[in-house]
Amino acid sequence: RLLIIDFGSQVTQLIARRLRELNVYCEIHPFQTVTDAFLDDFAPKAVILSGGPASVVHDGSPRPPASVFTRGVPVLGICYGQQVMMQMLGGRVEGGKISGGGGTAEFGRAYVMPTSQTPLLDGWFDTGREQVWMSHGDHVAELAPGFEVYGTSPNAPFAITADPSRNFFAVQFHPEVHHTPKGAKLYENFVRLAGFTGDWTMGAYREEAIRKIRETVGDKKVICGLSGGVDSSVAAVLIHEAIGDQLTCVFVDHGLLRLNEADEVVKMFRDNYNIPLIHADESELFLGELDGQSDPETKRKIIGRLFIDVFQKYANQIEGAEFLAQGTLYPDVIESVSFSGGPSVTIKSHHNVGGLPEKMGLKLVEPLRELFKDEVRALGRELGLPASFIGRHPFPGPGLAIRCPGEITREKLEILRRADAVYIDQIRKHGLYDEIWQAFAAILPVRTVGVMGDGRTYDYACALRAVTSVDGMTADYYPFDHDFIGETVTRIINEVPGINRVFYDVTSKPPGTIEME
Ligand code: XMP
């Protein structure tokens with residue numbers, strides 16, 4: 239197995255994902271927990287040092303144990319990982335200037351040219367140069383003994399470096415992101431050099447996940463929050479497979495669901511699965527506490543807290559329930575990671591992670607915590623969930639609350655539900671549903687003047703959003719044709735009282751996020 243030592247990069251999990259795509263088993267461990275004893279026990283066949291926000295030129299910046307380099311296994315350093323390698327093996331790193339001109343900091347697309355050949359770069363440079371994604375402030379100023387340069391870019395003379403005799407490789411850019419189109423090939427070459435045969439599969443992941451769930455839970459009972467989305471459903475089916483009726487699911491209706499959603503989800507689970515399910519209508523509680531709240535983080539935290547309260551209430555009714563299962567995915571974890579004291583920056587407090595009180599009476603089971611959305615879908619297929627179900631667009635835990643920027647009222651939610659239903663109906667009728675990662679309507683906190691018939695209107699505006707994405711971490715808006723937009727806007731304004739103006743959101747992520755809040 240392969241060990242990834244995490245120095246806090248936003249994209250470390252993408253490295254793991256690239257490796258899973260190559261059918262290689264790997265684990266990510268934060269640098270703080272990787273000691274000599276840990277390394278002896280883990281016995282990695284290869285090690286990857288991730289990127290990270292720290293600067294190796296600062297005292298006390300994170301390091302792996304020096305023994306990483308004396309175990310005789312291949313090591314690949316990415317960005318911060320490269321700098322750490324150079325510094326620890328006898329090279330030199332300089333701090334870069336981020337602004338003001340003349341600096342060597344580099345963020346974004348760059349092109350690397352080959353300077354000589356190494357097996358790490360098989361399949362690279364067919365067209366003379368390769369696009370890569372850079373994101374660094376510091377840079378290597380002097381190579382460690384034994385290292386040579388294999389690729390350079392105008393701002394990174396040491397873009398690709400290696401000591402082939404020791405199978406040490408170090409690159410300045412991020413091969414794991416989509417903007418390094420040949421990045422996957424680089425990982426493939428690395429794992430081949432390290433002797434991996436690529437025999438790990440999603441079936442193996444499922445078996446391993448089931449084993450871990452059994453080990454964690456023992457003979458205790460688990461309560462699982464079912465949202466009707468793919469994530470919690472896959473989690474529930476997986477856990478049910480592991481521990482049978484030690485699992486009880488709770489479907490919480492927080493009053494922030496889409497039109498008819500509660501009935502459909504409950505019916506689907508009762509009819510198709512034999513999993514014990516409680517339908518908890520808690521909409522009064524949630525909407526009551528959200529009344530008058532308009533700050534996005536406050537709203538998210540209220541919802542996160544109430545979810546936990548509600549689960550605890552139901553858990554208390556189930557004798558022996560000691561665990562709370564959640565379908566938390568990796569993007570939810572990374573974007574909230576500063577809650578657990580990690581080195582990344584908080585973008586949003588995703589409710590599944592952000593609202594957890596310190597002294598929660600339940601322990602967590604999160605079997606999907608390492609996976610990206612499309613991997614969860616693959617696991618769902620592996621578990622035999624129906625294709626129509628697996629294809630559902632993601633729906634966030636805080637539901638319509640984060641599609642209703644500003645204050646939430648029942649009136650606005652009702653309008654939003656109807657607009658969203660018309661929009662999704664249009665998308666399905668035009669056969670576009672499966673081409674889109676996520677599509678939804680949002681109601682904006684603004685009224686504008688319009689004219690309908692011969693009368694003046696003063697109603698809400700709604701925004702339509704549709705994005706394509708591979709993993710939810712980055713996204714592009716979906717380019718509907720004008721006829722589709724025109725027809726959809728007409729239908730919404732005709733069929734949904736309370737809306738007299740419709741916008742289409744053409745912001746990508748970044749700089750936008752997918753949801754409004
Ligand atoms: P953003 O808005 O952060 O969304 O670009 C990325 C993906 O995550 C979903 N999302 C959430 N899912 N709990 C969830 O379970 C949350 O609190 C949450 N917030 C956003 C969002 O729908 C998109 O798929």
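Residue numbers for the sequence shown follow the working numbering, beginning at 239 and rising by one.
A virtual CB, placed ideally from N, CA and C, is assigned to each residue, including glycine.
Check                                                                                                                                                                 : Outcome
Specify the secondary structure class of MET690 as computed by DSSP and reduced to three states.                                                                      : strand
Can you tell me which residues form a DSSP beta bridge with SER778?                                                                                                   : Because residue 778 is not part of the residues shown, which for the chain are 239 to 755, the question remains open.
Can you list, in chain order, the residues of its chain whose CB lies under 6 Å from that of GLY493, leaving out five sequence neighbours each side?                  : SER521, PHE524 and LEU525
Rounded to the nearest angstrom, what separates SER471 and GLU265 at their Cα positions?                                                                              : 24 Å
So, for TYR318: in the same chain, excluding its five sequence neighbours on each side, which residues have a beta-carbon less than 6 Å away from its beta-carbon?    : PHE245, GLY289 and GLY290
How long is the line joining the alpha carbons of ASP360 and ARG430, rounded to whole angstroms?                                                                      : 11 Å
Would MET440 pass as a contact of ALA616 if the rule is Cβ separation under 8 Å?                                                                                      : yes
Among the candidates GLY333, ILE546, ALA474 and ASP547, whose CA atom is the shortest distance from the CA of ASN512?                                                 : ALA474
Tell me which residues share the same chain as GLY315 and place their Cβ nearer than 6 Å to its Cβ, disregarding the 5 neighbours each side in the sequence.          : LEU287, MET323 and ALA408
Between ILE628 and the ligand XMP, is the CB less than 7 Å from at least one heavy atom?                                                                              : no
Here's the rule I'm using: 16 or more other beta-carbon atoms within 10 Å means buried, otherwise exposed. How should GLN355 be labelled?                             : exposed
Tell me which same chain residues have a C-beta within less than 6 Å of the C-beta of LYS650, skipping the five on either side of it?                                 : CYS642 and ILE681
To test your reading of the DSSP string, which unbroken alpha helix (DSSP H) runs of 4 or more residues are found completely within the segment 644 to 715?           : 648 to 667
If you check the beta carbons only, do ILE253 and PRO302 fall under 8 Å apart?                                                                                        : no
I need the DSSP call for MET324, collapsed to helix, strand or coil.                                                                                                  : helix
From ILE723 to ASN498, what does the alpha carbon distance come to, in whole angstroms?                                                                               : 25 Å
Does the ligand XMP have even one heavy atom less than 7 Å from the beta-carbon of GLU753?                                                                            : yes
Please classify LEU240: does DSSP put it in a helix, a strand, or coil?                                                                                               : strand
Is DSSP giving ASN738 helix, strand or coil here?                                                                                                                     : strand
Going straight from the alpha carbon of SER626 to that of GLU620, what length do you get?                                                                             : 14 Å
Of the residues ASN393, PHE411 and TYR388, which one's Cα is nearest the Cα of ALA400?                                                                                : TYR388
Could you give the distance in angstroms between the alpha-carbon of LEU609 and the alpha-carbon of MET690?                                                           : 49 Å
Any idea what DSSP makes of SER532, helix, strand or coil?                                                                                                            : coil
Apply the 10 Å Cβ neighbour rule to ASP376 and answer buried if 16 or more other Cβ atoms are within range, or exposed otherwise.                                     : buried
So the alpha helix (DSSP H) ILE206 belongs to, where does it begin and stop?                                                                                          : Absent from the structure is residue 206, since the part of the chain shown begins at 239 and ends at 755.
Looking at C-beta atoms only, is the number of pairs between the segment 415 to 435 and the segment 323 to 334 that lie closer than 8 Å three or more?                : no
Check whether the segment 629 to 648 and the segment 719 to 739 are in contact - that is, three or more C-beta pairs closer than 8 Å.                                 : no
Less than 8 Å between C-beta atoms, sequence neighbours within five positions excluded: which residues of the same chain meet that for ARG508?                        : LEU515
Among ALA704, ALA701, ARG685 and ARG703, which residue has its Cα nearest to the Cα of THR695?                                                                        : ARG685
Quick one: using the 10 Å Cβ neighbour count with 16 as the cut-off for buried, is PRO392 buried or exposed?                                                          : exposed
Comparing the CB of LYS747 with every heavy atom of the ligand XMP, is any distance shorter than 7 Å?                                                                 : yes
Closest to GLN369 by CA distance: which of PRO402, ALA343, LEU476 and HIS416 is it?                                                                                   : HIS416
Would you kindly work out how many angstroms separate the C-alpha atoms of ARG729 and VAL660, rounded to a whole number?                                              : 7 Å
What are the start and end residues of each continuous beta strand (DSSP E) run of 3 or more residues lying completely inside the segment 383 to 420, in chain order? : 386 to 391, 394 to 401 and 406 to 409
Can you tell which of ALA304, GLY466, GLN251 and ALA480 has its C-alpha closest to the C-alpha of PRO632?                                                             : GLY466
DSSP three-state call for ILE266: helix, strand or coil?                                                                                                              : strand
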